[in-house]
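> Residue numbers (the numbering used here), protein chains in the order written: chain P, 1 to 95; chain U, 96 to 344.
Note that the Cβ used here is the ideal one computed from N, Cα and C, for glycine as well.
Note that the structure is predicted; figures quoted are calculated from it, not measured.
Could you have a look at this structure, given as structure tokens, before my questions?
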Amino acid sequence: MGRVVVEVMPKPEILDPQGKAVVGALPRLGFTQFSGVRQGKRFELEVDGEVTPEILAAAREAAATLLSNPVIEDVVSVADAAEVSGEASGAPVSA
Amino acid sequence: MSAIEPTSGTTTAPGIGGARIGVITFPGTLDDRDAARAVRLAGGEAVSLWHADASLHDVDAVVLPGGFSYGDYLRAGAISRFAPAMAAVVDAAKGGMPVLGICNGFQVLTEAHLLPGSMVKNDHLHFVCREQSLIVENARTAWTNEFRRGQQITIPLKNQDGQFVADERTLDELEGEGRVVFRYDGWNPNGSRRDIAGISNDRGNVVGLMPHPEHAVEAGFGPASAEGPRSGVDGLTFFTSVLSSLVHA
């Protein structure tokens, strides 16, 4: 079974109220290193077979039409999960 | 869907050219009954439409009511935009049919590209519910022709994702072409660019706004006004405006 990962972020010129709330909360927990936070979305699209170039093309089209709104968001990546580092097993990426 | 129940004490006026105003219900729509009631109080016939039905059943105008269609899970209005009824609305709107999007309905209209810009979370991150003062900036649209330009009106506002955003070029275009229809008065409740509360397409038949005219249509159930508590009926003028624009069309 294959998986395509689509990542969507608010456009740089759009104020991101959610990110602003998070950056406000970090110093209260002692995380004073971070001066900005932007919050985006990650979609995982599952397919029954392999992730083929056709599947990736369809995922790109879905990302542009439904998963993002180009007025306020950018699609920053559409990728085969197996090719994203540390993702093949679905395990969290460790440092 | 069951038929819309008649509102007690009011009946559908048969006049006004027998205008039929459709109100579309999506999964998660909240204010369809209120919108239909507003249509009837204004003297029109309210026709209940279902999102999965590709036919608009020969209505003369359409209201996309407020709510949280599909839970707003992806983006407000993003999934509703692809409903079969919306393909018909887009076609009809391009042909000049009056379309009003209220709150979530406004978000659906921007996702469907019938209106420019988009709505993001309120700048202060809180849900806001209040009686909102607005200034009517354009009294020539299908839904505002019975207002006066510069008129102050008060109708309820209730939203979480109500911050209107668009790039500077689009905002300048909207201003230059007189397509800013309503502006927030006194306080901008969500951080909307240039205090914009509602806009129209270039033809003026499609209007979208975040506040809710359908909740200010009957004395005793509206916002406060000079006449006393809950007496405000400024929202009714949206619906009488469209009926008169249909008569004169």
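Please return the same chain residues whose Cβ sits closer than 8 Å to the Cβ of U:Gly113, not counting the five positions on each side in sequence.
Glu140
> Spell out the partners DSSP gives P:Pro10 in its beta bridges.
P:Glu73
> Which bits of chain P does U:Glu206 rub up against, with CB to CB less than 8 Å?
Asn69
> Counting beta carbon pairs with one atom in the segment 219-235 of chain U and one in the segment 172-183 of chain U, are three or more of them shorter than 8 Å?
no
> Out of P:Met9, P:Val51, P:Gly2 and P:Thr32, which has the shortest C-alpha to C-alpha gap to P:Val75?
P:Met9
> Residues of chain U with CB under 7 Å from P:Ala21, in chain order?
Leu220
> Relative to the alpha-carbon of P:Asp80, which residue among P:Glu54, P:Leu67 and P:Thr65 has its alpha-carbon at the smallest distance?
P:Glu54
> Quick one: what's got a C-beta closer than 6 Å to P:Arg42's C-beta in the same chain, skipping five residues either side?
Once the five neighbours on either side are set aside, the close Cβ partners of P:Arg42 are Glu7.
> Are the C-beta of P:Pro17 and some C-beta of chain U separated by less than 7 Å?
yes
> What do you reckon, are the CB atoms on U:Ala292 and U:Arg278 nearer than 7 Å?
yes
> Checking contacts by CB at 7 Å: is P:Ile14 closer than that to chain U?
yes
> Hey, how far is the Cα of P:Glu83 from the Cα of P:Pro17?
32 Å
> Counting C-beta neighbours from all protein chains within 10 Å, is the total for U:Gly117 16 or more, i.e. buried, or is it exposed?
buried
> Is it the case that the Cβ atoms of U:Ala319 and U:Val328 are separated by a distance below 7 Å?
no
> Report the option in U:His307, U:Val260 and U:Thr332 whose CA atom is closest to the CA atom of U:Gln246.
U:Thr332
> With distances taken from CA atoms, which of U:Gly212, U:Gly257, U:Thr239 and U:His208 is nearest U:Asn199?
Comparing Cα-Cα distances from U:Asn199 to each of U:Gly212, U:Gly257, U:Thr239 and U:His208, the minimum goes to U:Gly257.
> Pull up the distance between the alpha-carbon of U:Val142 and that of P:Val78, whole angstroms please.
43 Å
> Can you check whether the CB of U:Gly212 is closer than 7 Å to the CB of U:Ser164?
no
> As an exercise, report each continuous alpha helix (DSSP H) stretch of at least 4 residues that is fully enclosed by the segment 113-152 of chain U, in chain order.
127-137
> Start and end of the beta strand (DSSP E) containing U:Ile174?
Looking at the DSSP string, U:Ile174 is not in any beta strand (DSSP E), and its letter there is neither H nor E.
> Closest to U:Phe242 by CA distance: which of U:Leu210, U:Pro308, U:Ala149 and U:Asp153 is it?
U:Pro308
> Roughly how many whole angstroms lie between the Cα atoms of U:Leu220 and U:Val276?
In this structure, the CA atom of U:Leu220 is about 25 Å from the CA atom of U:Val276.
> Would you mind working out which of U:Gly303, U:Gly190, U:Arg128 and U:Glu322 sits nearest U:Phe363, comparing C-alpha positions?
Lying before the first or after the last residue shown, residue 363 of chain U is absent from chain U, which here runs from 96 to 344.
> Could you give the first and the last residue of the continuous beta strand (DSSP E) run that contains U:Val157?
Ala156 to Leu159
> Taking the beta strand (DSSP E) that U:Leu199 belongs to, which residues open and close that run?
Sequence inspection shows Asn at residue 199 of chain U; the Leu mentioned does not correspond to that position. Careful: U:Asn199 lies outside any beta strand (DSSP E), inside the alpha helix (DSSP H) at Asn199 to Glu206.
> For P:Gln39 versus P:Gly24, is the C-beta spacing smaller than 7 Å?
no
> Mark U:Arg135 as exposed unless 16 or more other C-beta atoms lie within 10 angstroms of its C-beta, in which case mark it buried.
buried
> Classify U:Pro308 as helix, strand or coil using the three-state DSSP reduction.
helix
> Return the first residue and the last residue of the alpha helix (DSSP H) that P:Gln18 is part of.
Pro17 to Ala25
> Helix, strand or coil for U:Arg225, going by three-state DSSP, please let me know.
strand
> What are the start and end residues of the beta strand (DSSP E) that includes U:Lys253?
Gln247 to Asn254
> For P:Arg3, does the three-state DSSP call read helix, strand or coil?
strand
> I need the DSSP call for U:Ser213, collapsed to helix, strand or coil.
strand
> By the criterion of Cβ-Cβ separation under 8 Å, what are the contact partners of U:Ala261 in chain P?
Val71
> Taking only beta-carbon positions, decide if U:Arg170 is within less than 7 Å of chain P.
yes
> Pull up the distance between the alpha-carbon of U:Ala69 and that of U:Gly138, whole angstroms please.
Residue 69 of chain U lies beyond the stretch modelled for chain U, which goes from 96 to 344, so this question has no answer here.
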